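Only one structure is covered here, and it is reproduced in the block below.
In UniProt numbering, the protein residues as written are 1 to 434.
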């Protein structure tokens with residue numbers, strides 16, 4: 001009916017689902033769910049039912065499949081456990097082992113890889129199910145897409161959220177599709193898709209823009225999460241007994257406190273990497289973030305990256321790994337495929353980050369803002385026309401338990417490092433900095 005049909009501004013086909021409703025949570029966890037696509041009139045071939053407006057389409061369900069709720073739990077225990085009678089179904093570890101962070105029922109890259117060609121139009125139909133754990137940030141490496149009229153490379157999925165993404169494939173390669181929630185990524189919620197140069201006669205238009213040069217280093221730094229030493233809302237010291245902040249700032253036998261070794265992207269004035277670029281007063285709010293990188297569509301970014309830290313890192317997502325002490329120059333011409341749409345603001349905010357080990361690298365601090373603007377939006381000094389002030393906020397939980405420097409921080413800042421239990425729940429919680 002028209003009630004479920006795409007509106008004029010919607011994608012040509014909308015994503016819905018069907019599932020069994022006898023006991024919906026159990027039925028869905030048992031596997032009885034599927035996609036239902038409702039399309040505008042004339043979009044489907046009258047005989048085959050295939051789409052006439054896109055080259056390919058794919059459906060992915062991102063959800064934590066809780067096998068503890070399946071109708072077949074007891075049967076699975078009998079069939080697959082070596083000692084079924086000893087199984088305690090209420091045991092927390094047993095229950096966790098049955099919670100599958102899946103793409104269409106597959107974990108850890110076992111998802112069958114979709115194939116497509118450069119230049120093709122692809123419709124992605126995504127949906128999430130589940131419960132309060134199923135809050136996902138779905139990230140497509142390598143290519144951007146349009147969701148609800150807006151250009152992006154990441155979308156949020158919640159239980160019973162249905163999205164249709166429209167992608168014009170541009171970058172060849174084998175790319176990941178992941179949930180960027182660290183716990184979910186570690187639990188296997190990732191797959192891949194393949195983009196090939198399989199169509200002849202496709203040429204990339206020559207982009208006419210200016211070159212924008214940046215000199216950026218990864219450096220190991222000592223970061224203080226509370227440099228003023230007190231809670232500016234309550235007025236209490238950050239380590240005050242009984243305060244909300246005490247857990248995160250108290251230092252002791254098995255507590256690190258509020259200072260951690262981290263890594264940060266730092267901007268320099270030239271390729272000698274001898275003189276850091278000074279933060280302006282307007283940039284002081286960036287904190288742990290790397291410098292703001294800006295470009296218009298058609299511009300070429302030349303980023304000379306020096307690894308002055310002590311681990312292997314990198315700069316742009318598809319790019320070379322750079323060992324400590326080495327320098328590499330990344331070149332990227334900003335394509336139309338990342339440009340703001342007509343419904344977007346003049347500039348879109350993306351992230352650059354090290355992805356040698358994405359979870360560890362970002363938890364260690366290597367992340368920064370990348371601004372991509374429409375042509376003619378930036379002044380000569382790279383400020384936005386018509387904008388008086390710009391601010392960049394990364395609202396996240398830095399999980400220091402996942403940092404490359406956790407062991408070093410334990411050795412440096414706890415009073416009895418050899419007694420620290422890294423699996424202790426209170427210790428783990430104390431290192432999650434909101």
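For each residue, glycine too, the CB sits at the ideal point set by N, CA and C.
Bear in mind the structure is a predicted one, so any value in this text is a computation, not a measurement.
Where residue i falls, given that 16 or more other Cβ within 10 Å makes a residue buried
i           : result
residue 369 : buried
residue 16  : exposed
residue 410 : buried
residue 315 : buried
residue 355 : buried
residue 294 : buried
residue 11  : buried
residue 443 : Residue 443 lies beyond the stretch modelled for the chain, which goes from 1 to 434, so this question has no answer here.
residue 402 : buried
residue 266 : buried
residue 102 : buried
residue 143 : buried
residue 215 : buried
residue 311 : buried
residue 131 : exposed
residue 145 : buried
residue 197 : exposed
residue 8   : exposed
residue 225 : buried
residue 25  : exposed
residue 379 : exposed
residue 28  : buried
residue 387 : exposed
residue 397 : exposed
residue 362 : buried
residue 404 : buried
Length of the line joining the Cα atoms of residue i and residue j
i           : j           : result
residue 281 : residue 195 : 44 Å
residue 3   : residue 80  : 46 Å
residue 111 : residue 104 : 7 Å
residue 13  : residue 373 : 29 Å
residue 220 : residue 365 : 9 Å
residue 230 : residue 414 : 21 Å
residue 255 : residue 249 : 8 Å
residue 182 : residue 359 : 6 Å
residue 399 : residue 222 : 16 Å
residue 234 : residue 245 : 10 Å
residue 96  : residue 163 : 28 Å
residue 343 : residue 70  : 43 Å
residue 18  : residue 36  : 6 Å
residue 199 : residue 121 : 13 Å
residue 123 : residue 352 : 26 Å
residue 416 : residue 174 : 46 Å
residue 139 : residue 179 : 6 Å
residue 49  : residue 345 : 37 Å
residue 92  : residue 241 : 32 Å
residue 426 : residue 253 : 13 Å
residue 290 : residue 83  : 53 Å
residue 45  : residue 148 : 24 Å
Other residues of its chain near residue i: CB distance less than 8 Å, five sequence neighbours each side excluded
i           : result
residue 375 : 209, 296, 297 and 298
residue 128 : 61, 62, 63, 134, 136, 157, 158, 159, 160 and 161
residue 113 : 174, 191, 192, 193 and 194
residue 270 : 215
Beta-carbon proximity list for residue i, same chain, < 7 Å, skipping 5 on both sides
i           : result
residue 336 : 297
residue 309 : 218, 219, 220, 263 and 324
residue 30  : 70, 71 and 72
residue 247 : 429 and 430
residue 237 : 229 and 230
residue 59  : 35 and 125
Secondary structure of residue i, DSSP reduced to three states
i           : result
residue 313 : strand
residue 7   : coil
residue 320 : coil
residue 346 : coil
residue 108 : coil
residue 57  : strand
residue 362 : helix
residue 441 : One cannot answer for residue 441 here, as it falls past the ends of the chain, which runs 1 to 434.
residue 356 : coil
residue 69  : helix
residue 210 : coil
residue 334 : coil
Contacting residues, own chain, Cβ-Cβ under 6 Å from residue i (five flanking each side not counted)
i           : result
residue 327 : 306
residue 184 : 101
Worksheet item: Whole alpha helix (DSSP H) runs in the segment 371-434 with 4 or more residues, listed along the chain?
Response: Segments of the alpha helix (DSSP H) lying fully in the segment 371-434: 406-413 and 425-430.
Fill in: Ranges of the alpha helix (DSSP H) found wholly within the segment 263-303, counting only runs of at least 4
Within the segment 263-303, there are no complete alpha helix (DSSP H) runs of at least 4 residues.
Item to complete: Quick one: which unbroken alpha helix (DSSP H) runs of 4-plus residues sit fully inside the segment 15-42? Chain order, please.
Response: Annotation: the segment 15-42 contains the following complete segments of the alpha helix (DSSP H) (minimum length 4 residues), in chain order: 24-29.
Fill in: Contiguous alpha helix (DSSP H) assignments of at least 4 residues, all confined to the segment 213-266
Here the runs fully enclosed are 246-249.
Practice prompt. Please go through the UniProt domain "Plastocyanin-like" (147-196) and give each complete beta strand (DSSP E) segment of 3 or more residues, from N-terminal end onward.
Written response: Qualifying beta strand (DSSP E) stretches, in chain order: 150-152, 154-157, 161-168, 173-179 and 190-196.
Worksheet item: Which residue spans inside the segment 84-140 form an unbroken alpha helix (DSSP H) run of at least 4?
Response: At a cut-off of 4 residues, the continuous stretches assigned as alpha helix (DSSP H) that sit fully inside the segment 84-140 are 92-97.
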